[in-house]
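Remarks on the structure that follows.
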Amino acid sequence: MKRFIYIGLFFSVVSCATNPRTQRIEALRKLQDEVEKYKTVAQDVSKLRQEKADLNVKVEELKSELQLLNGRLEEFGQFSKKNEESFGDVSNQLNRISTDYDKRLKSLEDELKQLQKKMDEDLRDISKKLESRAKTKIHMAKNNIKMDYVNGMKRYQAGKFEEAASLFDRYIANFPKGRNVENARFFLAKSYFAQANYQDAILKFEEYKEKYPKSEKNAEGIYHQGISFQKLGKDQEAKLFFTELFKAYPNSSWGKKGQKELEKLK
């Protein structure tokens, strides 16, 4: 119950909400009113049941007293017919009161059933709306993840290499067979290289080369691997990569760059 009240108070402040959202808030408010009414009716029913029970006890007590008095009248023959009729009227009046309580109790019970039915229907309706809203949010979240590659390229071009690497990595994890996953892997390696994270750059370029052995980007990747080993102070390892680069891509611009770096290391 408190949860509904808090939700109502919160959404009443947000007056510029979209129409579906406003309808959802109104549905919750109506449901809250019905729950309060249901609670009040239930309390009235309980109270009437207790009153009826008390009344029945009193009726039985009065009947017992009447029987006792009638017994005494018969025994002593002193009770007049008028008094007997008076007690009969009292008994009839009490019976009428009891009947009225029975009718009121039945009426309240019927109303309670109707409220329960209406509340169940509203709860099902709200549940469906919330489920639909949750599915919409999940769909939107998936679409946002699909944009990780595009946003990663924007961050990379803006020189925000750490953010770019994070977006490329998430895109690869969620869409390992996506149409942009090859580029995402390559630019993930380049993002690490641009951050001077040479160890991860070497590993990611190698991973790219293993997955896409015929890619034209491998020449650039091998070159950056060689430079990364140089930056780590491992010239012998760098020579191996520059040699591989020149042999595999002798006529490419990256192959020629690798040859120049190789000559510097001799």
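Numbering (this note's numbering), first residue to last: 7 to 272.
No residue lacks a Cβ here, since even glycine has one placed at the ideal position from N, Cα and C.
> Cα-Cα, which of 242, 250, 119 and 102 is closest to residue 45?
Replying inline: The count along the sequence shown starts at 1 and reaches residue 45 at position 39. Minimum Cα distance to residue 45 is reached at 119.
>> Output needed for residue 241: all residues of its chain with C-beta closer than 6 Å, excluding positions within five of it in sequence on either side, in chain order.
In response: On the sequence shown, residue 241 is found 235 positions in, with the first residue counted as 1. So the qualifying residues of the chain are 271.
> Does the distance from the C-beta atom of residue 198 to that of residue 207 stay below 7 Å?
Replying inline: The residue labelled residue 198 in the question sits at position 192 within the sequence shown. The residue labelled residue 207 in the question sits at position 201 within the sequence shown. Yes, they are a contact pair.
> Among residues of its own chain, excluding the 5 on either side of residue 58, which ones have a beta-carbon nearer than 6 Å to its beta-carbon?
Replying inline: Taking the first residue of the sequence shown as position 1, residue 58 is located at position 52. For residue 58, where only same-chain residues beyond five positions count, the Cβ hits under 6 Å are 107.
>> Assess contact between the segment 223-234 and the segment 243-253, defined as three or more Cβ pairs (one per stretch) separated by less than 8 Å. Is contact present?
In response: yes
>> Buried or exposed, going by whether 16 or more other CB atoms sit within 10 Å of the CB of residue 223?
In response: On the sequence shown, residue 223 is found 217 positions in, with the first residue counted as 1. Result: buried.
> Are the Cβ atoms of residue 100 and residue 51 separated by less than 7 Å?
Replying inline: By one-based count along the sequence shown, residue 100 stands at place 94. By one-based count along the sequence shown, residue 51 stands at place 45. No, the Cβ-Cβ distance between residue 100 and residue 51 is not below 7 Å.
>> Going residue by residue through the segment 202-258, where are the continuous alpha helix (DSSP H) segments of at least 4 residues, counting only ones entirely within it?
In response: 204-217, 224-237 and 241-254
> Can you tell me where the alpha helix (DSSP H) with residue 153 in it begins and where it stops?
Replying inline: As a first step, residue 153 must be located in the sequence shown, where it is residue number 147. Run containing residue 153: none; DSSP gives neither H nor E here.
>> Let's test the definition: count the other Cβ atoms within 10 Å of the Cβ of residue 236 and tell me whether it reaches 16, buried, or not, exposed.
In response: Within the sequence shown, the letter at position 230 stands for residue 236. That one is buried.
> Is it right to say residue 95 is buried, meaning 16 or more other beta carbons lie within 10 angstroms of its own, or is it exposed?
Replying inline: Taking the first residue of the sequence shown as position 1, residue 95 is located at position 89. Classification for residue 95: exposed.
>> Taking the beta carbon of residue 173 as the centre, do at least 16 other beta carbons fall within 10 Å, making it buried, or is it exposed?
In response: Along the sequence shown, read from residue 1 onward, the residue named residue 173 stands at position 167. It is buried - the Cβ of residue 173 has at least 16 other Cβ atoms within 10 Å.
> Where does residue 161 land, buried or exposed, given buried means 16+ other C-beta within 10 angstroms?
Replying inline: Reading the sequence shown from its first residue, position 155 is the one you call residue 161. Looking at its Cβ environment, which holds 16 or more other Cβ atoms inside 10 Å, residue 161 is buried.
>> Classify residue 210: buried if its beta carbon has 16 or more other beta carbons within 10 angstroms, exposed otherwise.
In response: Taking the first residue of the sequence shown as 1, we reach residue 210 at position 204. Residue 210 comes out buried.
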